[in-house]
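Visitor: Protein chains in written order, with the UniProt record's numbering: chain A, 1 to 377; chain B, 1 to 377.
Now the structure itself:
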């Protein structure tokens, strides 16, 4: 990834980052963006956590695709998360490929890209790096940490690991552990990348070749899980592509086929295949309850002061309402004040990225309440 | 595929088979198995139609894997489909790779394997070949045609195309058309095969290499859609493979990962990658209503004498109850006598292949009633 990745901080230079695996990492660079300014009381900071293939460009133009930020609709001056009022931080997660340390970066010990020698990471490791970034930015406490999907998992790890640094927390369309089906779909994606001869056991950085085909198929498979059957039917149905009838061939006859091919091929320009392996692995390893003797509520027992909210979407079959409700129940059982809402939306898992008025209404209430109760303004 | 494929018939030698695409095919060889004998009244024949990766070995040992037939539990002497009483026929579908003409076979025009020059086929084309096989076996009319999944689609095409040759018809876990999500998952599988350099545009038969990795990933993806989330959770959950804890690596840590890898790698020994492309394409092209001005019931208007039944399974998310119910409604609207049952089963789409007592009970009733009303014995 050769794009200009904006702001970068170099952390863990003196004291290395101890990962959940036991491996040590030093230094760790972090690509991040900020919007607005920290107020004098230092109580208006909001950390936004991105999803698997997301990035720090939550409200600014993506340096490779040139597209608007992935939550540009919600974040900015006078928008729902108003950057005139709040100091918004979004950083590229550990293991990813837009400025933050990952398998694409040079291993300081060898001077060559890590590849598969990069240590396997967890969602909690990502959160530890975010906490260090907050130190670097002189942010002691967050008015809010918020994120959807893998971003929501980071929110849960914040609640479990650094509750004292939170005033409020909002997790959308997420889960506290990966199910067998979640793992299965990720494993298929990883095997697709590893089946590509250009992957070459992860050593492709010094060649002109990239495992584009393998990564593209992995993305296509994952993308099907992000949309509901209903959304696919409404968007495409059995509509044909630029043709009156089927061609009796293997070209993309159906619009859904050419849409998926486009999703796959455009993804490989902005994402690193090894990063995809590492991040999907981190997701599969997530099992917050497992770390607490099987009781999810035990993970949240020090978060009783944090105003929390969990939001699910009716048509999300990747992280369905049942998984989100289990999180809300655990927070409740731990004595954490929690709001839960299942929002009617037909777009599937990706609903949290889309224009869903009921979600906006809920988020607006949560942000305002967090600001008021947190003493902002 | 070099295994002994049992009985073979060579059909369409004088008059070629006209495919739905308009292409002509001559001759067509068909690999098939029969069990029991045709009675004097010629009214005890049952045609069993197999699913995507199934074959004619419904009740006999598979020549490559050595495993028992895929419905061995139901078909045989004194079994539910009693081969002491009925003459059971099962043939490998057109386009497949166990004795029936497909892309692996030599193109008579060139003397070399067809590869992608093989014409694209449809489910109705498969049924036309089965009808010709019945002629070859002197079976004028079937006491029953029965099948699950793609086998059920063949049953529907029998009802639409050759109703006069049917006394009864049973379709399980099926659909009358592929939805956008169905097409999407198949497209991902096809792209996975085509991404494998060993696929080589379908020209791999004269080399020692096969697109094993691509076909394996395609099978893994499809296999996830055959099982319910609940079945995966009960079978595997987050159980680890031969280990006490996660290894922080990319080996198959979770049992579900090694299970899927096994499903993928064992599949490539018994199936041809090009056949997989052709058969998935036939499934995607299926749209019986589309051929009848959008009214599925119009497809069945000549089947009013056929005792029919449609069976779905609660946990099947590939061809859910709604799709099966739409078929039952259409049969009903066409005046075809139809029984419909949604069977409580937690195993997902593959339920029709498993030991589900409620399914057996229903099938036993349907077979007995068909035999009695059809005047058998």
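We treat Cβ as the ideally placed atom computed from N, Cα and C, and that holds for glycine.
With a threshold of 7 Å between beta carbons, is residue 233 of chain B in contact with chain A?
Guide: At least one chain A Cβ lies under 7 Å of residue 233 of chain B.
Visitor: With a threshold of 7 Å between beta-carbons, can residue 279 of chain B be considered close to chain A, or not?
Guide: Taking Cβ atoms only, chain A never reaches closer than 7 Å to residue 279 of chain B, which makes this a no.
Visitor: Taking the straight line between their C-alpha atoms, what separation do you get for residue 124 of chain B and residue 111 of chain B?
Guide: Residue 124 of chain B and residue 111 of chain B: Cα-Cα distance of roughly 27 Å.
Visitor: Is it buried or exposed, residue 3 of chain B, if we count other Cβ atoms within 10 angstroms and call 16 or more buried?
Guide: For residue 3 of chain B, the predicted structure reports a pLDDT of 46, less than 50, and the residue's modelled location is therefore unreliable. A value from the coordinates is still provided. Exposed, because fewer than 16 other Cβ atoms sit within 10 Å of the Cβ of residue 3 of chain B.
Visitor: Are the beta-carbon atoms of residue 98 of chain B and residue 31 of chain B separated by less than 7 Å?
Guide: A contact, by the Cβ cut-off of 7 Å.
Visitor: For residue 68 of chain A, which residues of its own chain have a beta-carbon under 6 Å away from its beta-carbon, when the five flanking residues on both sides are left out?
Guide: There are no such residues.
Visitor: Less than 7 Å between CB atoms is the rule here; does residue 24 of chain A satisfy it with respect to chain B?
Guide: No - not a single Cβ of chain B is within 7 Å of the one on residue 24 of chain A.
Visitor: With DSSP collapsed to three states, give me the class of residue 251 of chain B.
Guide: If DSSP states are grouped into helix, strand and coil, residue 251 of chain B belongs with coil.
Visitor: Do the CB positions of residue 218 of chain B and residue 192 of chain B come within less than 7 Å of each other?
Guide: Contact: yes.
Visitor: Which residue marks the beginning of the alpha helix (DSSP H) containing residue 162 of chain A, and which one marks its end?
Guide: Counting along the chain, residue 162 of chain A falls outside any alpha helix (DSSP H), and DSSP gives it neither H nor E.
Visitor: Identify the residues that DSSP records as bridge partners of residue 204 of chain A: which are they?
Guide: DSSP lists no partner for residue 204 of chain A.
Visitor: Any idea if residue 350 of chain A is buried or exposed, counting beta-carbon neighbours within 10 angstroms, 16 or more meaning buried?
Guide: By the 10 Å Cβ count, residue 350 of chain A comes out buried.
Visitor: Within its chain, find whatever has a CB closer than 7 Å to the CB of residue 354 of chain A; leave out the 5 residues flanking it on each side and keep chain order.
Guide: For residue 354 of chain A, where only same-chain residues beyond five positions count, the Cβ hits under 7 Å are 347.
Visitor: Specify, as a first and last residue, the run of the alpha helix (DSSP H) that residue 365 of chain B falls within.
Guide: Here the alpha helix (DSSP H) through residue 365 of chain B covers 357-373.
Visitor: Is any beta-carbon of chain A found at less than 7 Å from that of residue 21 of chain B?
Guide: By this cut-off, residue 21 of chain B is an interface position.
Visitor: Using DSSP bridges, identify the partner residues of residue 87 of chain A.
Guide: A:45.
Visitor: Name the one or two DSSP bridge partners that residue 33 of chain A has.
Guide: Bridge partners of residue 33 of chain A: A:90.
Visitor: By alpha-carbon positions, which one of A:84, A:288, A:101 ends up nearest to residue 92 of chain A?
Guide: Considering only alpha carbons, the answer is A:101.
Visitor: Of all Cβ atoms in chain A, is any one closer than 7 Å to the Cβ of residue 2 of chain B?
Guide: Confidence at residue 2 of chain B is low in this model, with a pLDDT of 43, below 50, so the placement of that residue should be treated as unreliable; the coordinate-derived value is given next. Not closer than 7 Å to any Cβ of chain A, the Cβ of residue 2 of chain B fails to qualify, so no.
Visitor: Residue 145 of chain B and residue 129 of chain B: beta carbons closer than 7 Å?
Guide: Cβ atoms of residue 145 of chain B and residue 129 of chain B: not closer than 7 Å.
Visitor: How is the beta strand (DSSP E) around residue 325 of chain B delimited, first residue to last?
Guide: Residue 325 of chain B -> not in any beta strand (DSSP E); alpha helix (DSSP H) instead, spanning 321-333.
Visitor: If I'm right that residue 136 of chain A touches residue 38 of chain A with Cβ under 8 Å, what's the distance once you round it to whole angstroms?
Guide: Actually they are not in contact, since the Cβ atoms of residue 136 of chain A and residue 38 of chain A sit about 12 Å apart, beyond 8 Å.
Visitor: Determine, for residue 192 of chain B, whether the minimum Cβ-Cβ distance to residues of chain A falls below 7 Å.
Guide: By this cut-off, residue 192 of chain B is an interface position.
Visitor: So for residue 1 of chain A, helix, strand or coil by DSSP?
Guide: Confidence in residue 1 of chain A is poor, its pLDDT being 43 and thus under 50, which makes the residue's placement too unreliable to answer from.
Visitor: Looking at C-alpha atoms only, which residue of A:328, A:317, A:24, A:19 is the closest neighbour of residue 303 of chain A?
Guide: That would be A:328, whose Cα lies nearest to the Cα of residue 303 of chain A.
Visitor: For residue 142 of chain B, which option in B:325, B:296, B:165, B:265 has the closest C-alpha, if you only look at C-alpha atoms?
Guide: If we check each option's Cα against that of residue 142 of chain B, B:165 comes out closest.
Visitor: What are the boundary residues of the beta strand (DSSP E) that includes residue 312 of chain B?
Guide: Looking at the DSSP string, the run of the beta strand (DSSP E) that includes residue 312 of chain B is 307-313.
Visitor: For residue 213 of chain A, count the other beta carbons within 10 Å of its own beta carbon; 16 or more makes it buried, fewer makes it exposed. Which is it?
Guide: Counting Cβ neighbours within 10 Å, residue 213 of chain A comes out buried, since at least 16 surround it.
Visitor: Exposed or buried, what is residue 13 of chain B when buried is set at 16 or more other beta-carbons lying within 10 Å of its beta-carbon?
Guide: Residue 13 of chain B comes out exposed.
Visitor: In angstroms, rounded to a whole number, what distance separates the CA positions of residue 23 of chain A and residue 90 of chain A?
Guide: So the two alpha carbons sit approximately 25 Å from each other.
Visitor: Have a look at residue 15 of chain B and residue 306 of chain B and give me their C-alpha separation to the nearest angstrom.
Guide: Computed Cα separation, rounded: 29 Å.
Visitor: Less than 7 Å separating the beta-carbons of residue 94 of chain A and residue 64 of chain A?
Guide: It is not a contact, given that the beta carbons lie outside the stated cut-off.
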